[in-house]
Structure formats: structure tokens, C-alpha cells
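Heads up: the sequence shown begins at 5 in our numbering, then just goes up one per residue. Structure first, commentary second.
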Amino acid sequence: MKNSVKRLFNLFLAAALTVVVWGCSDDEPDPDAPAVTQPSPVTMDENATESISFTISTPAGYASASANATGGQATVTSEPADGDLTGAVEVSFVADAAPQGGTATGSITLTVTDAAGKTGNTTVVLTINSTFVEPTWTTEDITETRTVGGAEVEFKQTRITGTINKDFTMTNDVAWILNGRVIVGADATLTIEEGTIVKGENGQGALASVLLVARDGNIEANGTASSPIVFTSILDNINVGEFESTLDLDNDLGLWGGVLILGNAPIVAGASEEQIEGIPSSVAAGLYGGTDATDDSGSFTYASIRFTGQQLGPGNELQGLTLGGVGSGTTIDHVESINSADDGIEIFGGTVNISNFIVLNPDDDGYDADQGWSGTATNIVYIGQKNGVGFDSDHPFELDGPEGDDEGDPEIGKFRGGTAWGRSASDFADLRDGAQYDMQDVYFFGFNSGVDLELDADGTVNADESVNSDDPTNSDNYATDVIIFSGNEFNTDASDQAAAFTIGSILNDKLSASLVAAKANQITDNETVKFPASNAVVTTATKTKGADVSVLSWSYTAHLNLLSGADFQ
């Protein structure tokens, strides 16, 4: 009996030990490694960006993901939270360029790591297509020999014709010849290297050679102080690596069109977009204006523009530089316009700023602005043509008001710091047609006696009042500070040695006789109280305002020794 009980106890003990041993060996199995589902193959364009989604499973909990790529750059942009068991990883892929007219192959390998340190991966293959665009412009290399100064000189040139519809660079090892109207089209960028010479081919009226940067096109023409870019005429024998022109500054002008930059910034012209002056209405690339005040048309710096100003017809001229609806994202800095047959620069609306700008010898106006331009011009210089040579200059400033309905706040164009040397100029400035401008700290000298600063609108219908205005808007604008003149200085000495200028004789509020009686008090206050209180007459020795010409030594104007007199110090 005792032995039976003992055997029974041993059986129970063995069974218990078996259960314990079995229980200890029955641990949960390790979670599976991450699983990454391979996406479908992707086809995309070169330089494009594609977002690709990878579905993942991480039984041990998500930890991290990394992407390695060929044929482009891959970045993980979205991923599950730490510890998630399932989810998606988003990868952004930017494709490299493909062979012109062909395809390239790329890949993305996504590696996922779980909380246990295990990894899983997969690879997706990408086909990358070339976006080659057939050029709509042509170039032709030309080597020409000319006699210059009695010597035979070789000119290496490349003639360019048509519309630039993809990125292109004008290099500085040849002179580039604009063969007619050369357009930088939408989505294309024209780069012009420092020291490059660009020449306009002969052509009259609608056939005039111009460089036109259309809306949504881009120009990167960035010279340097030691190596400016030069735009001139084919008749100019300036060669690669040179800066001095061979044409006559007293007589030569209007030999080609000029440079035009158009943008998408707002204009006030009765319509949201207009056709730019000097370009036929049949050319769609001549439209300018839009709604983007910060529009960026590129950068145009350290550039000398010479002998421009062809015209389609009266009142439809080209300038040295024309800006139409150009936005504040565009850089216009260290530019000079020399011997334009029309204006040195004309700005049609937009918000663009200009700085360190020189106008020399314009046949019409120096700085012409209209259609609600609301940018700022800083550190500017105007030098009129000499008296008694082949042509005369008109005004340093011709400033027109908005066109059409303008019910919003005034669009104020601002001038901050500059020097105007009149010589043959007919007035200090002419403000017309509801002008809205703020001019401060400009120094005027070397003007002929009898000139003035005019508030007029050129809108009279009375034959005997053809030089006066039957629109009081400018007079009212000055009285209400929509027009501001402040801190400007006028040298008392007239260049023709006639009667000296006095501060009370400079502003001319030119209302027609029909309005004088009603506006008599305002006219008197504008001319003899308000203007004298905010501006001054000075001598060369006592002047305190004027342009900083120390930063303009790069210019051809400086090379001609025209910025060195006491009035520029």
C-alpha cells in the first residue's frame, strides 16, 4: 500500500514537472520583419517632382525609413508615427535631366526599420523623359573684317534671330547681333555673361532690332563694375573685350530699337493689360500688365545701352530701356541709357524699383513714367545733350498720371536722391495728366534760363491756351500732397548766364485762364508758399544734395569724364 501511494506521488510530480517545462518553452514567436509593398513603375519628366507612396507593415512597430535614389534626389516627406503597425511612407523624387530627346532610368529604394531593429525594403523603377523643346530661334556665326582707325580688325560675331523658347546664354567671347525682334519667350531664361557686347542690326520702324523679354520670360544680364554688358548698334565698331564706342555722341542716335522688359505687375491703364509702345499690336509677346506686384522678370545690372530709339510712328517709339508692368521682384541696378532718340527710360506701370541709373543725351525725356508706376528710383543721374549740337533734350522727368479709371489709393512713383544737369533741357520736369509722384533730394544745375517745373496736363481745348492746362488735377494733387517735392535743390546760376533762378520762380502751376480765378489762392500757395518752404536754391559751393557718383565709375558716362565736375561732388 505504501509503495502504491509512493508511485502515485511520483507520477503526479513528473506530470507537474512536465507541465512546468512545457510552459517555460512555449514563448511567443518573434514578430515578422517590416514588409514594404512595391509601388507601380513611374513615368515622369526630367527636372519634375513626383510624390510616390509606399505601403508598409511593421508588426514590431514602426521606427524609421530612408530613401536612396538613382537618376534624381529622393526625400522622405511623410511617414507613420513611432510604433504604428501599418501605414504609408511618402517619398518626393526630383528627376535629373534626361538625354536630349530620349529617356533615362531612375530608381528609389525605400528601407524601413522597425522597433526591433529589423529592416525591409523594396525598389521602384522610374522612367524619366526628356522635355526637349525644338528651338524657335537660330544663331549664325559670322567673322567680319572692318577697317578701324586705318587698321584691319577682325570681329567675331553671332547673329541671333527669332524667339528664345528655352534657356540660353549669350557668352562674352563673341559680339551678339540682334537680327530684328529677338524675344525671350515665356518660361525661358536668357543669361548674358559679364562683358558681353550685344549689337542691334539695322532696321527701321516695325523691323527695328530689339531685345524683348516677354511676360513670364526671364533675363539674367549681370555685368560687373569691371566688366559691364554693352548694348549698342551694329554700326559701332566696339569689339569683344572693349568698352569705348566709336560712334558720335553729338549726332548719332536712333540706330536700333532698344531693350524691353515686360511683366505681370499691375498697371493703371483702363485695362489690366496693354500692348507695349514700340511693338506692333500683332506681336502677342508685346502685352504687359497683370496682378502680381512682386513679379520677377530677372536681373539687369551693370549694363550700358547706347544709340537706341527707333519708332513705329509718331507717339509710338522705343526707348533705351522700356519697362512695362514689371514687378518689384525684378532687379534693375547700375544701368545707363545713352543717346536714345526718345526717352532714356520709360516705365509703364508696375512696381519695379531702379537704382544707380544714368540717362545721357536723350532726344526726348530722361525718366518717363506713367500708368500708375509705384516703384522707387534711387541715386539717379540725368545729363541733357549739349547746347548747339545735332539735337536737343527735352525734360529730365516727364511724369504722367494713371490712365482710365483709378479709384484705389494713389500709386505714387518715388524719386530719392539724384542729380540733373540740364544743358539743353527745356524744363526741370513736366508733370502731366493727374500725376502722382514724390520727388526728394534731387539737385538740378546747368539749365538754361526761363525753364521751370511744370504742373500741367496738356489737355486744353482752347487754341490760345495750348501751353496751359484745363484740368486742375495736378494743381489739386500738389495742394493735397499726392504730388510731393521736398528737399530738392536748384542751382541759381543759369547755364546761358542769364538771370539767376529764384525759388519762387521754379514751380509753374499751369492752369488755363478759365480756371485761374477759381484756383487763384491755390496757385499762389503752391508756387510761392508751399514749394519754397520745402525746396531751396543753392550754389555749387552750398549744395548738399545730389547723386553719389562714386558708385558709378564703371559707366561709360564716367569714362567720358562727365561725372567729375564740382556739381557732382
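C-beta: ideal position from N, C-alpha, C; glycine also. As the structure is a computational prediction, the values presented were derived from the model and not from experiment.
Nearest to residue i by CA position, among the options, is which residue?
i: residue 70; options: 238, 48, 96; result: 96
i: residue 542; options: 481, 477, 139, 450; result: 450
i: residue 494; options: 522, 444, 372, 526; result: 444
i: residue 307; options: 88, 436, 228; result: 228
i: residue 576; options: 572, 277, 533; result: Nothing about residue 576 can be reported from this structure: the residues present for the chain run from 5 to 573 only.
i: residue 386; options: 393, 402, 196, 392; result: 402
i: residue 118; options: 288, 174, 91, 144; result: 91
i: residue 491; options: 186, 539, 459; result: 539
i: residue 570; options: 559, 548, 435; result: 548
i: residue 40; options: 404, 116, 54; result: 116
i: residue 331; options: 268, 516, 260, 349; result: 268
i: residue 114; options: 160, 38, 345, 266; result: 38
i: residue 322; options: 329, 328, 314; result: 314
i: residue 260; options: 237, 249, 566; result: 237
i: residue 59; options: 48, 44, 72; result: 44
i: residue 243; options: 203, 167, 125; result: 203
i: residue 341; options: 350, 334, 430; result: 350
i: residue 381; options: 499, 392, 388, 363; result: 363
i: residue 179; options: 245, 222, 224; result: 245
i: residue 126; options: 133, 139, 112; result: 112
i: residue 524; options: 159, 500, 479, 505; result: 479
i: residue 507; options: 359, 534, 484, 80; result: 534
With 16 as the cutoff for other CB atoms within 10 Å, does residue i come out buried or exposed?
i: residue 33; result: exposed
i: residue 136; result: exposed
i: residue 188; result: buried
i: residue 214; result: buried
i: residue 406; result: buried
i: residue 186; result: buried
i: residue 183; result: buried
i: residue 487; result: buried
i: residue 150; result: exposed
i: residue 286; result: exposed
i: residue 555; result: exposed
i: residue 561; result: buried
i: residue 28; result: Confidence at residue 28 is low in this model, with a pLDDT of 46, below 50, so its placement is unreliable and no value can be given for it.
i: residue 317; result: exposed
i: residue 110; result: buried
i: residue 557; result: exposed
i: residue 138; result: exposed
Give me the DSSP bridge partner(s) of residue i.
i: residue 531; result: Its beta-bridge partners do not exist; DSSP assigns none.
i: residue 572; result: Its beta-bridge partners do not exist; DSSP assigns none.
i: residue 327; result: 265, 351
i: residue 359; result: 337, 382
i: residue 444; result: 420, 490
i: residue 144; result: 163
i: residue 260; result: None, per the DSSP bridge assignment.
i: residue 133; result: 49, 107
Would DSSP call residue i helix, strand or coil?
i: residue 457; result: strand
i: residue 546; result: coil
i: residue 553; result: helix
i: residue 343; result: coil
i: residue 525; result: helix
i: residue 563; result: helix
i: residue 507; result: helix
i: residue 244; result: coil
i: residue 287; result: coil
i: residue 211; result: helix
i: residue 519; result: helix
i: residue 78; result: strand
i: residue 70; result: strand
i: residue 109; result: strand
i: residue 433; result: strand
i: residue 115; result: strand
i: residue 125; result: strand
i: residue 480; result: helix
i: residue 308; result: strand
i: residue 537; result: helix
i: residue 425; result: strand
i: residue 21; result: Since pLDDT at residue 21 reaches only 44, below the 50 mark, its modelled position is unreliable, and the value read off the structure follows with that caveat. Reduced to three states, the DSSP call for residue 21 is helix.
i: residue 235; result: strand
i: residue 9; result: The predicted position of residue 9 is uncertain, since its pLDDT is 48 and thus under 50; no value can be drawn from it.
Thinking residue i and residue j are a contact (beta carbons under 8 Å), I'd like their distance in whole angstroms, please.
i: residue 438; j: residue 481; result: 7 Å
i: residue 176; j: residue 99; result: Contact doesn't hold; Cβ gap of about 32 Å is too wide.
i: residue 354; j: residue 271; result: 6 Å
i: residue 301; j: residue 326; result: That pair is no contact at about 12 Å.
i: residue 142; j: residue 166; result: 6 Å
Could you check if residue i belongs to the surroundings of the ligand GDP, using beta carbon to heavy atom distance under 8 Å?
i: residue 334; result: In terms of ligand content, the structure shown is empty, and the ligand GDP therefore cannot be addressed.
Does the beta carbon of residue i come closer than 9 Å to any beta carbon on chain B?
i: residue 78; result: Protein chains in the displayed structure number just one, and chain B is not present.
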